[in-house]
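**Student:** Each residue of the sequence shown is one higher than the one before, counting from 38 in the working numbering. Glycine residues also receive a C-beta, built at the ideal position from the N, C-alpha and C atoms. Owing to the predicted nature of the structure, the values given are computational and were not obtained by experimental measurement.
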Amino acid sequence: MYTKEQLEKWLEEVGSYVTKPMNIYMIGGCALSFRGLKSVTKDIDIILTSQKDFDMFDTAIKKAGFTSMTERESEFYLTALSVYQKIDVDTRFLDDRSGRKGLGSHLRHKKSDESRIDVFLNQVGKMLRLTENMKKRSKLYKHYHNMAVYLVSNEDIFLFKAMTSREGDTLDCDRIMKENLDYNLIYQEIVDQSINGKNWFFWVYESLCRLENYNNITIPIKNRMFALVKKHWKDRPSDFMSDVSNLEKHLPGKKL
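1. Does the separation of the CB atoms of N191 and E216 fall below 7 Å?
2. Which of helix, strand or coil does DSSP assign to R203?
3. Please report the residue range of the beta strand (DSSP E) in which F157 lies.
4. How is the alpha helix (DSSP H) around L177 delimited, first residue to last?
5. Would the beta-carbon of Y181 fall within 7 Å of that of E49?
6. Run through DSSP, which three-state label would V55 get?
7. Just to confirm, are F94 and L158 a CB contact at a threshold of 7 Å?
8. Looking at C-alpha atoms only, which residue of Y224, K179, V186, M184 is the closest neighbour of L196?
9. Between the beta-carbon of C67 and the beta-carbon of L44, is there less than 7 Å?
10. Quick check: the Cα distance between D155 and D80, rounded to an integer number of angstroms?
11. Does T40 come out as helix, strand or coil in the three-state DSSP assignment?
12. Beta-carbon separation of G234 and M200 under 7 Å?
13. DSSP three-state label for I84, please.
14. Whose C-alpha, out of V281, T104, F239, is nearest the C-alpha of A264?
15. From what residue to what residue does the beta strand (DSSP E) around V186 run?
16. Alpha helix (DSSP H) containing W240: first to last residue?
17. What does the alpha-carbon distance come out to for the pair G65 and L248?
18. Quick check on S37: does DSSP put it in helix, strand or coil?
19. By a C-beta neighbour count over all protein chains shown, 10 Å radius and 16 as the cutoff for buried, is K198 buried or exposed?
20. Could you check what DSSP says for T168 in three-state terms: helix, strand or coil?
21. Pull up the CB-CB distance for K268 and L245, whole angstroms please, since I reckon it's below 8 Å.
22. V189 to T78, Cα distance in whole Å?
23. Given a threshold of 16 other Cβ atoms within 10 Å of its Cβ, counted over all protein chains shown, does Y62 qualify as buried or as exposed?
24. Please report how far the alpha carbon of K176 lies from the alpha carbon of L222, in whole angstroms.
25. Sorted by chain position, which residues of the same chain lie with C-beta nearer than 6 Å to D193's C-beta, five sequence neighbours on each side aside?
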C-alpha cells in the first residue's frame, strides 16, 4: 500500500533519474490520493503517450530499484501493460496474470504486499484511449525534476475504473460519484471512443449496475448506457452480467 507521502517520495526518486522533460498521467487510486479522496492506494496506474517517454521512464524506474520480469512483446508499444515491483526476484511468485476480459499482456514482478506500478502506453485494455480531451481535462499536479505529473479528471478516472469488475475499482467509483461528476461529459467520452470497439459499452454498463446495487442510488447516465447496450445487444460478451445481481431491474425486457 502507498500513502500520499510514499507516493511523493516514489515520484521524487523516479523523477530524479529522468533525463529529459516528459509527462506522465495518473489515472487511478494515486490520483485520488493526491486529491484527498483516498488515504492509501494499492497500485500506481500511469499512462505514457510516446515510446520515447516509455523508454525514459523504464530506465528511470529501473534505476530506482524496480524490476519487470519478462521481455516486452512485439505489440507492447501499441497495447500492452508493463508492471513493475520492488523486491528480490523469487521464481515462486512468477505468474501469468490476465486482466479483465482481455486487458492485454503485461510484465509483473511480485511483491509481498502485492502493490505494483502499472504503466500503459496511450490506451488501457486495447480499448480506452487517453484522448486529447482527456489530456486537456488533466491538471498538473507537480514537477519532479524533468517529470511532469498530471492527474486525469475525476470523470475520466471513473470511466477507466468502470471498465473493470474489481471490487476496489467499484469502491473507488463510489468515492468519485460523491464529487459532483459531470455525467454528460462521461457519456460523451464513451460515445467518442466507440471507434475502438463496442464491448466496453457492456463492461461500463455492468459497472453502473454494480454501483447501483452497492449504494442504492440511480446513476444519471444509466438509461442512456442501456440504450447503447440494447442497440449493440447481438455483440454482447458471452459473460455479460454474469456476476451482477438484480437482472430484472437492470435488463428490462432482455434475456441473457
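**Tutor:** Once the coordinates are examined:
1. For the purposes of this step, residue 191 is taken as the residue at position 154 of the sequence shown. For the purposes of this step, residue 216 is taken as the residue at position 179 of the sequence shown. Contact: yes.
2. The residue given as residue 203 occupies position 166 in the sequence shown. It is coil, neither helix nor strand.
3. On the sequence shown, residue 157 is found 120 positions in, with the first residue counted as 1. Here the beta strand (DSSP E) through F157 covers 153-158.
4. For the purposes of this step, residue 177 is taken as the residue at position 140 of the sequence shown. Taken as a continuous stretch (DSSP letters only), L177 belongs to no alpha helix (DSSP H), being part of the beta strand (DSSP E) at 176-181.
5. The residue labelled residue 181 in the question sits at position 144 within the sequence shown. The residue labelled residue 49 in the question sits at position 12 within the sequence shown. Yes, these two residues count as a Cβ contact at 7 Å.
6. Your numbering for residue 55 matches position 18 in the sequence shown. It is coil, neither helix nor strand.
7. On the sequence shown, residue 94 is found 57 positions in, with the first residue counted as 1. On the sequence shown, residue 158 is found 121 positions in, with the first residue counted as 1. No, the Cβ-Cβ distance between F94 and L158 is not below 7 Å.
8. Mapped onto the sequence shown, residue 196 falls at position 159. Per the Cα distances, Y224.
9. Indexing the sequence shown from 1 puts residue 67 at position 30. Indexing the sequence shown from 1 puts residue 44 at position 7. A contact, by the Cβ cut-off of 7 Å.
10. The residue labelled residue 155 in the question sits at position 118 within the sequence shown. The residue labelled residue 80 in the question sits at position 43 within the sequence shown. If I take the Cα positions, the gap works out to 7 Å.
11. One-based indexing of the sequence shown puts residue 40 at position 3. It is a strand residue.
12. For the purposes of this step, residue 234 is taken as the residue at position 197 of the sequence shown. For the purposes of this step, residue 200 is taken as the residue at position 163 of the sequence shown. Contact: no.
13. Reading the sequence shown from its first residue, position 47 is the one you call residue 84. If DSSP states are grouped into helix, strand and coil, I84 belongs with the strands.
14. Counted from its first residue, the sequence shown places residue 264 at position 227. For A264, the nearest C-alpha among the options comes from F239.
15. Within the sequence shown, numbered from 1, the residue matching residue 186 stands at position 149. 184-188 is the span of the beta strand (DSSP E), which, as asked, contains V186.
16. Counting from 1 along the sequence shown, the entry for residue 240 is found at position 203. Its alpha helix (DSSP H) spans residues 236-252.
17. Along the sequence shown, read from residue 1 onward, the residue named residue 65 stands at position 28. Along the sequence shown, read from residue 1 onward, the residue named residue 248 stands at position 211. Taking the straight line from one Cα to the other gives about 17 Å.
18. In this structure the chain extends from 38 to 293, so residue 37 is not present and cannot be described.
19. Translated into the one-based positions of the sequence shown, residue 198 becomes position 161. Classification of K198: buried, given that the 10 Å Cβ count is 16 or more.
20. Walking along the sequence shown from the start, residue 168 turns up at place 131. In this structure, T168 counts as coil in the three-state DSSP scheme.
21. The count along the sequence shown starts at 1 and reaches residue 268 at position 231. The count along the sequence shown starts at 1 and reaches residue 245 at position 208. So it is not a contact: roughly 16 Å between Cβ atoms.
22. For the purposes of this step, residue 189 is identified with residue 152 of the sequence shown, where counting begins at 1. For the purposes of this step, residue 78 is identified with residue 41 of the sequence shown, where counting begins at 1. Roughly 16 Å between the two C-alpha positions.
23. Along the sequence shown, read from residue 1 onward, the residue named residue 62 stands at position 25. With 16 or more other Cβ atoms within 10 Å, it is buried.
24. Stepping through the sequence shown from its first residue, residue 176 is reached at position 139. Stepping through the sequence shown from its first residue, residue 222 is reached at position 185. Cα to Cα, K176 sits roughly 16 Å from L222.
25. The residue given as residue 193 occupies position 156 in the sequence shown. Same-chain partners within the cutoff: M171.
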